[in-house]
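Numbering (the numbering used here), first residue to last: 1 to 387.
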Ligand code: KIV
Ligand code: ZN
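Written as structure tokens, this is what we have:
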């Protein structure tokens, strides 16, 4: 079983989203929850962007950096690298993360330099960072839209300059799973010959809804580290969702033969904390952390589940930190599901009383569409009358 390193970048890429700005205290609170979740590494911010961000990275490093690897983002310039170094150095395992584009559009339009000049900038930045810390990650921004041989020359050069992790971003969520997997396989093959100690990482965005699939495909093709955010929060359509990748590896261990050290029973709590801190809701049908992810409402499904959970459940709600599945009752739920809800709430009516309650339930369900546990409680305890 191969261990996959999980880096959470909610506090950097996630927090870039409009409306998701957190203050220092909130960032520390979230980082402490990430520690309970047992992520391997946290990217805590972009310290050269503001003094508030610098302070937040420093406080996160101080608060949880004794057990979790801490990094922060730098462009390939000395002042950014210095800011990262100063803000993360207090951690036990600090890492400097440098980003620089490799696609033609980045090199020509954004950076407005020659390819050679951009490659040299990357090499100089890595050498500078390695004089400060032993661990340096280099991200080849927009890698999935880069010309492969130039991408590889950059990787080769920065590894020779001292980069210890290479991160391959699908910056604009353009890749599709087979293609991204193939890219990672080619890079991994060459990297193993160049320096087997260098860690290969991936960082995907969700513009076409394929971030999780691309990340999993990369894992199958040799990626050793994944960069994710909670609830998939991030620029535009977001980043790879941590909870989706982690649960896919766990539930489909037969396919991936990989594991993480994530404490999955903390997933829902972490998601809810992020929603609470940012005010950004999770879509109800979001995999793993959406409100409906473990809720079953159709009568046929409820009947099957009550006979054997595995009929319609591929993972247990308890595995992600939910107490139990919720059966949301509707007029179509049927007697079996209604009796189950009544008994779960501690009532055991005889058959004729049950029939009477069931009639009342149907009348309520016609009015209300969805009937929750608290409705059933009031109905059975006689405090709810339906007219
Ligand atoms: O999406 C991206 O390319 C990034 C890099 C900084 C890794 O966020
Ligand atoms: Zn990103």
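Virtual Cβ for every residue (Gly too), placed ideally from N, Cα, C. Note that the structure is predicted; figures quoted are calculated from it, not measured.
Here residue 165 carries a strand assignment [DSSP, helix/strand/coil].
Residue nearest to residue 341 within the set 377, 140 and 362 is 377 (criterion: CA-CA distance).
According to the DSSP assignment, residue 121 belongs to the alpha helix (DSSP H) that extends over 115-132.
Between residue 277 and residue 22, the beta carbon gap of about 6 Å places them in contact (Cβ cut-off 8 Å).
Here DSSP, grouped into helix, strand and coil, assigns residue 138 to strand. At least one heavy atom of the ligand KIV falls within 7 Å of the beta-carbon of residue 169. Excluding residues up to 5 positions away in sequence, 107 and 111 lie with their Cβ nearer than 6 Å to the Cβ of residue 118 in the same chain. Relative to the ligand KIV, even the nearest heavy atom lies 7 Å or more away from the CB of residue 375. Taking 7 Å as the cut-off, one finds at least one heavy atom of the ligand ZN near enough to the beta carbon of residue 203. With a cutoff of 7 Å, residue 209 does not count as near the ligand ZN, since its C-beta is closer than that to no heavy atom of the ligand. Burial check for residue 356: the Cβ neighbour count within 10 Å stays below 16, so the residue is exposed. Placement of the Cβ of residue 13 at a distance of less than 7 Å from at least one heavy atom of the ligand ZN is found. Of 146, 59 and 6, the smallest CA-CA separation from residue 32 is found for 59. For residue 272, the enclosing alpha helix (DSSP H) begins and ends at 267-278. Using a Cβ distance threshold of 8 Å, residue 224 and residue 191 do not count as a contacting pair.
The Cβ atoms of residue 123 and residue 130 lie no closer than 8 Å to each other.
With contacts defined by Cβ atoms closer than 8 Å, residue 167 and residue 205 do not form a contacting pair. Annotation for residue 189: no beta strand (DSSP E) segment contains it, though the alpha helix (DSSP H) segment containing it runs 177-194.
Beta-bridge partners of residue 236 (DSSP): none assigned. Three or more Cβ pairs closer than 8 Å define a contact, and the stretch 238-257 falls short of that threshold against the stretch 23-30.
With a threshold of 16 other beta carbon atoms within 10 Å, residue 350 falls short and is exposed. With a cutoff of 7 Å, residue 243 does not count as near the ligand KIV, since its C-beta is closer than that to no heavy atom of the ligand.
As DSSP reads the structure, residue 75 sits in a beta bridge with 99. Excluding residues up to 5 positions away in sequence, 24, 27 and 45 lie with their Cβ nearer than 6 Å to the Cβ of residue 56 in the same chain.
Per DSSP, the continuous beta strand (DSSP E) segment holding residue 226 begins and ends at 225-228. Using a Cβ distance threshold of 8 Å, residue 4 and residue 219 count as a contacting pair.
Residue burial annotation: residue 97 is buried, with at least 16 other C-beta atoms found within 10 angstroms of its C-beta.
When distances are taken from the beta-carbon of residue 99 to the heavy atoms of the ligand KIV, the shortest one is below 7 Å. Residue burial annotation: residue 343 is exposed, with fewer than 16 other C-beta atoms found within 10 angstroms of its C-beta.
The stretch 206-213 makes no contact with the stretch 252-268: fewer than 3 CB pairs, one atom from each, lie closer than 8 Å.
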